[in-house]
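Residue numbers (this note's numbering): 724 to 1375. Cβ coordinates follow ideal geometry from the N, Cα and C atoms, glycine included. It should be emphasised that the depicted structure is a prediction, and the values quoted were computed from it without experimental measurement. The structure appears right after this line, and notes come after that.
This is the structure in structure tokens:
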């Protein structure tokens, strides 16, 4: 339930997603308990029993959810959206038990595959579980060879699980600092969580404490529950530490849990037990409802009651008509036949998804197709000049930590001959600089004797010395410490540096002391940078805040759809008022330094009284929900850039 609440509104339960971690520990406990009850079978029967049971337990509900969600979701997802292909690909990966690996692979890009708009993002945790339970029964079999003949002796398994869990935890700790996506998605980095539950049940079955040494289990269990609930309200910024506490408390709860105690009897109320039975179906279907809602009516305080009710209805139907009946129905008598039947069913379902995603592409979509170059993936498109490719994202951008060490050169990323250019323009920034190439290249179009070199580092800070805690902190450091200083050595007196960065995060809905201090820090760092470049005669053009299109809380559709009715667009006046503290601080810096000038393309991207994805006459201003200007929108801003450059040169 914590996960569902978090997915509805992360502000209510900031760390509600850690409910999955609680589930991992409990799952390790429950499944291991089931396994050791069968440990008197020979190894072949042991494995066949376990794998056939998992197929009957997981497969029917998963397949039905994937098929129904695909058919309904594709009524509202345009084939031109990256979430279209990402969804059926993730669905196939989920059936194969590797959706966590697929999503990790996509996460290596700036925005991955748009996880919150992918129909099957929630299946990542099933991938982790399935990979764990492929190897864990085999591990128990190997450990049984080292067991003594004493019944209930799981010493060898305990030692092996403990050692592997420690190794997994150390691996997780390292990854959480260097690659948070891998720490999140990879099974080896999650082994210690499932292993904690496995260890507890193995320990409980191997060792029974004397009555005189028992602790007040009820009190300890209640304290564990209290801490667990409290951790769900902690900021997700501390998730690495919160996850450790969550796992420890869940393990302690499982160790001390005793349903005979009065304090624990509340967990056996009928409605709590019922929710527990529905948990798998709830987990599957809640995401389907929420994602399709994001593509259609949105998620607001008015829709939440209906969406919540629909989630429970679908979960009840799934459990009552599919999950429970299939689990108890007559399957082939031979366990091996059950496994073969399950594999064939998975292959047929995968073929169905592939057919729908490719052969029926666009047939189900009930909206109007986009005609623009759309989506964050378009930031990696190549650009040509005089029929020759002169700019490619591969050579000119840093997109993840794998790009650390990449050399970005003027010769690979320039419009015009930079060596003979009378004026050299160097554009740096986050993905916004890649999004605004059409605007930036207008400088060369206006003056063929100039050159424009465009670079970008996904998630980069707007200036050196700004704390960057994003997934791209490593690339940001390399960009500002190595790439930019080297590029600046090629700028001369009279050349211009353009900083194109999305600075809207400096303009929250309500200013606080923290946000005001962030602006002060930004201005201080910019001032120092401006002074350094002023000594070399280099001018700076800094792009100020753009429309807050991310806050529209609707999908990045290119045009209005009949089913997309809830874009909460902001008015121009409210938006300008919101960005005023940052904008005024930048203008003040402009007044104090002749080599610093503010580029304002706000009005180009918000020409009307309301800031929207498109103009009233259908020009697309943004390519995605992350506020990246479209090619068309970027071209509209060209005149503002040319004017800013003209003003700056008059001051140098």
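Rounded C-alpha distance that separates residue i from residue j
i, j, result
"residue 1181", "residue 928", "51 Å"
"residue 1375", "residue 1154", "28 Å"
"residue 1319", "residue 1244", "17 Å"
"residue 1348", "residue 1258", "40 Å"
"residue 769", "residue 761", "7 Å"
"residue 1249", "residue 1183", "15 Å"
"residue 956", "residue 906", "21 Å"
"residue 1199", "residue 1268", "20 Å"
"residue 1187", "residue 1310", "20 Å"
"residue 1304", "residue 843", "40 Å"
"residue 1052", "residue 960", "46 Å"
"residue 808", "residue 792", "14 Å"
"residue 1356", "residue 1156", "13 Å"
"residue 849", "residue 1086", "30 Å"
"residue 806", "residue 840", "6 Å"
"residue 1160", "residue 1111", "16 Å"
Reduced DSSP secondary structure (H/G/I, E/B, other) of residue i
i, result
"residue 1075", "helix"
"residue 1232", "coil"
"residue 1372", "helix"
"residue 1121", "strand"
"residue 1186", "coil"
"residue 850", "helix"
"residue 1176", "strand"
"residue 1080", "helix"
"residue 1114", "strand"
"residue 1220", "strand"
"residue 1294", "strand"
"residue 1086", "coil"
"residue 975", "helix"
"residue 802", "coil"
"residue 1316", "coil"
Residue i and residue j closer than 8 Å at C-beta
i, j, result
"residue 745", "residue 893", "no"
"residue 949", "residue 980", "no"
"residue 1322", "residue 1272", "no"
"residue 1224", "residue 1254", "no"
"residue 925", "residue 856", "no"
"residue 1026", "residue 799", "no"
"residue 1148", "residue 1174", "yes"
"residue 911", "residue 891", "yes"
"residue 1177", "residue 1158", "no"
"residue 1380", "residue 973", "Only positions 724 to 1375 of the chain appear in the structure, and residue 1380 is not among them; the question remains open."
"residue 1021", "residue 755", "no"
"residue 1162", "residue 947", "no"
"residue 1029", "residue 1009", "no"
Nearest residue (CA-CA) to residue i, options the options
i, options, result
"residue 1326", "1301, 1194 and 1363", "1363"
"residue 1330", "1106, 1294 and 1175", "1294"
"residue 1144", "1301, 1136 and 1167", "1167"
"residue 797", "1014, 886 and 897", "1014"
"residue 1274", "1234, 1242, 1228 and 1314", "1228"
"residue 900", "1165, 1193 and 844", "1193"
"residue 741", "1080, 970, 1171 and 1301", "970"
"residue 698", "729, 756 and 884", "As displayed, the chain neither begins before 724 nor continues past 1375, which places residue 698 out of reach and without an answer."
"residue 1102", "1111, 1113 and 1122", "1122"
"residue 1040", "881, 1162 and 783", "783"
"residue 885", "923, 902 and 1073", "923"
"residue 1001", "1125, 1016, 1011 and 1042", "1042"
Status (buried if at least 16 other CB within 10 Å, exposed otherwise) for residue i
i, result
"residue 1082", "exposed"
"residue 786", "buried"
"residue 1232", "exposed"
"residue 724", "exposed"
"residue 1059", "exposed"
"residue 1262", "buried"
"residue 829", "buried"
"residue 909", "buried"
"residue 1372", "exposed"
"residue 1207", "buried"
"residue 1335", "buried"
"residue 1044", "exposed"
"residue 1237", "exposed"
"residue 962", "buried"
"residue 804", "buried"
"residue 1023", "exposed"
"residue 1036", "exposed"
"residue 1359", "buried"
"residue 739", "buried"
Near the ligand SAH: residue i beta-carbon under 7 Å from a heavy atom
i, result
"residue 978", "Summarising the ligand content, the structure contains no ligands, and the ligand SAH is consequently not present."
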